[in-house]
Every structure is written in structure tokens, then in C-alpha cells.
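Trainee: Numbering (the numbering used here), first residue to last: 122 to 425.
Ideal Cβ placement from N, Cα and C applies to all residues, glycine included.
Just passing along the structure, written as C-alpha cells.
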């Protein structure tokens, strides 16, 4: 999606967030009762929304291939289970993942733009992005320049996102706000709007390297920004909370929040993702518990 310049607002005057109100609303989603049949369908949906991720300096070809194998074979013991949405790796590992996933519908996402700090020149960030695209990445996860944002240089952040989006070509762009460094809900709302107007296909909470990472109140602020953007422009933007979501129960709470804030149209991996590799094992554990009445150990399913 190109930058939405025809509707460009003054980013200094984005909506202010009621801190207490957003936290109370987010807490209410955790109290919804989910019946067994709906729970099973929700768990399968959550599994299909996961981006399995490995983003360590010690990543090897073998580790990436193992993660890809897991992505493609989760359903071997449980026929009817969906695959995960994507594998997320560094640009240097895109070609390895692309080859390992050949023949599947699992996408390859690459972090870029000097992930996780974003402390590099625009030229370096563009070359990082183009390299990942040339290697076969289907999606790019970029980080915004938080220092520039916190200095109030909103046009710089906007222009950088727009330039990276152009470099992505047909690949979808996830814009990581790193909400743990933005400090306030007002800043999260402002950064969300900048990213969406600049051309983001997804807005994403976190790199997973900073705490706090994804939280329900922060995600709610971003979902409401997506809703308002859709009402204003008619363009749908996807959402990805990342980091810290490791339990199936929490994933179900997030899905309830998505449905009640954006509606069922957003309940697919085209429009919502979880960035949480350890979540997959817990979802599988809960599905097996629903099927047999017995919990299995996490390592029964595989090591992340």
C-alpha cells in the first residue's frame, strides 16, 4: 500500500489515550467465557496466525531448517491442523528458509532496517531490505527510528517508512514500533498513525528484544488506531503483537479483543499474526488436552 498522502493528518495532534480506560477495556477481554467448541476453533486459528521466529546471532542453517520442518509438520500427528503463517529470520537466512519451505504455503518474513535497534543510515536500511527481497522474502519486518520519533521528527519517520515500503515491491511490510521504548499510549497511537499513513501493511508492537513487549492495552490502542484508519480511508491494515505471548489462553484473549474491536474480517493470518514461537507448543498442548483429556509435556511436541 502506498503512502496515504491525500488524507495526511497533523501527527502532532493525534488522539490522546485515556490510560485508565484502555487498561480497563483490555482487562475485560480476559473475562470472556469461551465454550469448548469455540476454544478448539480459536486455538487452531491462533496456530495459523503464528510467525515462528529465530532471531539470534547464533542462528545457523541447521537451526533455521529445523524451524521450517516444524512449521511444515505440526499437523503430522494431528490431521486437520493448519500450518503456521510464516517463518521469520534475518536476511542472511532467507534463502535457507525459502528452500526448506518449498512446496508449502508458509511465508518467509525477514527482519530488516538494522533490526533491532534501527540505528543505521537510510541507505543501509534500504540495502538491507533489498537484499532480503532479492533472497526471496515474502514479508519485511522493519523497525522505526525510535530516537527520531521521540525527538518529534515525525516527518523523518514517515519518509523512512515510505521509502522502505517502496523498496519492498510486492512484499508486505510490517512496521515495528517497539512500543516498550515509546513509553506512553499517546506515543503508540501517534506512531501507529504515522506507520499506516506511510504505507505499512501491518503494524507490529515489538522486536521481542525489549521489555515490555506486547501487552493487551498496547495492542488495543493499535487495534483502535487501525479501526479509525479504516473508517477514515477504507484501507485495512493488519496487526501483529510480538514478544511475551507464550500461552494459548492469552492468545484466545487477543482473538476476542480483535473480534470485538475490528470484527471477524480481521480473524485470519492475512490480517492478524502472533510473533511468538513458544506459543505454538502451548497451543498444541491445549489442543491435545481437549482431544484426549491429558496434558503432554512441552518437549513432546518439539523444542523451539
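#1: Going by DSSP, name the residue or residues bridged to residue 278.
#2: Within a Cβ cutoff of 7 Å, which residues of the same chain sit near residue 218, ignoring the five residues on either side of it in sequence?
#3: Within 10 Å of its beta-carbon, does residue 405 have 16 or more other beta-carbons around it, so buried, or fewer, so exposed?
#4: To the nearest angstrom, report how far apart residue 356 and residue 341 are at their CA atoms.
#5: From this set, 166, 212, 216, which residue's C-alpha is nearest residue 234's C-alpha?
#6: Measuring CB to CB, does residue 294 end up less than 9 Å from residue 320?
#7: Can residue 329 and residue 363 be called in contact, C-beta distance under 9 Å?
#8: Any contact of the segment 398-412 with the segment 366-385, i.e. 3+ C-beta pairs under 8 Å?
#9: Buried or exposed for residue 402, please, with buried defined as at least 16 other CB atoms from any protein chain shown within 10 angstroms of its CB.
#10: Just how far apart, CA to CA, sit residue 306 and residue 393?
#11: Mind checking who residue 172 pairs with in its DSSP beta bridge?
#12: What separation, rounded to the nearest whole angstrom, lies between the Cα atoms of residue 424 and residue 169?
#13: Ordered along the chain, which non-local residues of its own chain (more than five positions away) have a Cβ less than 8 Å from that of residue 199?
#14: What is the C-beta distance between residue 315 and residue 279, in whole angstroms, given that I count them as a contact (C-beta under 8 Å)?
#15: Is it buried or exposed, residue 290, if we count other Cβ atoms within 10 angstroms and call 16 or more buried?
#16: Buried or exposed for residue 338, going by 16 or more other Cβ atoms inside 10 Å?
#17: By the DSSP assignment, the beta strand (DSSP E) with residue 261 in it spans what residues?
#18: Report the rounded CA-to-CA distance for residue 163 versus residue 354, giving the unit in angstroms.
#19: CB residue 176 to CB residue 236, shorter than 9 Å?
#20: DSSP on residue 150, reduced to helix/strand/coil?
Mentor: To lay it out plainly:
#1: Taking the chain shown and counting its residues from 1, the one referred to as residue 278 is at position 157. None; residue 278 has no bridge partner.
#2: Walking along the chain shown from the start, residue 218 turns up at place 97. Excluding positions up to five away in sequence, the list reads 185, 189, 208, 210, 229.
#3: Position 284 of the chain shown, counted from the start, is the residue given in the question as residue 405. A buried status is given to residue 405, since no fewer than 16 other beta-carbon atoms sit within 10 Å of its beta-carbon.
#4: Here residue 356 corresponds to residue number 235 of the chain shown, with the count starting at 1. Here residue 341 corresponds to residue number 220 of the chain shown, with the count starting at 1. Cα to Cα, the separation comes out at about 19 Å.
#5: Numbered from 1 along the chain shown, position 113 holds the residue referred to as residue 234. Per the Cα distances, 212.
#6: Position 173 of the chain shown holds residue 294. Position 199 of the chain shown holds residue 320. Yes.
#7: Along the chain shown, one-based indexing puts residue 329 at 208. Along the chain shown, one-based indexing puts residue 363 at 242. Yes, the pair counts as a contact, with Cβ atoms nearer than the cut-off.
#8: yes
#9: Mapped onto the chain shown, residue 402 falls at position 281. Buried, because 16 or more other Cβ atoms sit within 10 Å of the Cβ of residue 402.
#10: Your numbering for residue 306 matches position 185 in the chain shown. Your numbering for residue 393 matches position 272 in the chain shown. C-alpha separation (whole angstroms): 21 Å.
#11: For the purposes of this step, residue 172 is identified with residue 51 of the chain shown, where counting begins at 1. Paired residue(s): 207.
#12: The residue you call residue 424 lines up with position 303 of the chain shown. The residue you call residue 169 lines up with position 48 of the chain shown. Confidence in residue 424 is poor, its pLDDT being 48 and thus under 50, which makes the residue's placement too unreliable to answer from.
#13: The residue you call residue 199 lines up with position 78 of the chain shown. Excluding sequence neighbours, residue 199 sits near 405, 408, 409, 412.
#14: Numbered from its first residue, the chain shown carries residue 315 at position 194. Numbered from its first residue, the chain shown carries residue 279 at position 158. 5 Å between Cβ atoms; contact.
#15: Taking the chain shown and counting its residues from 1, the one referred to as residue 290 is at position 169. Exposed, because fewer than 16 other Cβ atoms sit within 10 Å of the Cβ of residue 290.
#16: By one-based count along the chain shown, residue 338 stands at place 217. Looking at its Cβ environment, which holds 16 or more other Cβ atoms inside 10 Å, residue 338 is buried.
#17: Within the chain shown, residue 261 is the residue found at index 140, counting from 1. Taken as a continuous stretch (DSSP letters only), the beta strand (DSSP E) holding residue 261 covers 260-264.
#18: Position 42 of the chain shown holds residue 163. Position 233 of the chain shown holds residue 354. Computed Cα separation, rounded: 30 Å.
#19: Taking the chain shown and counting its residues from 1, one reaches residue 176 at position 55. Taking the chain shown and counting its residues from 1, one reaches residue 236 at position 115. For residue 176 and residue 236, yes; Cβs fall inside 9 Å.
#20: Numbered from its first residue, the chain shown carries residue 150 at position 29. It is helical.
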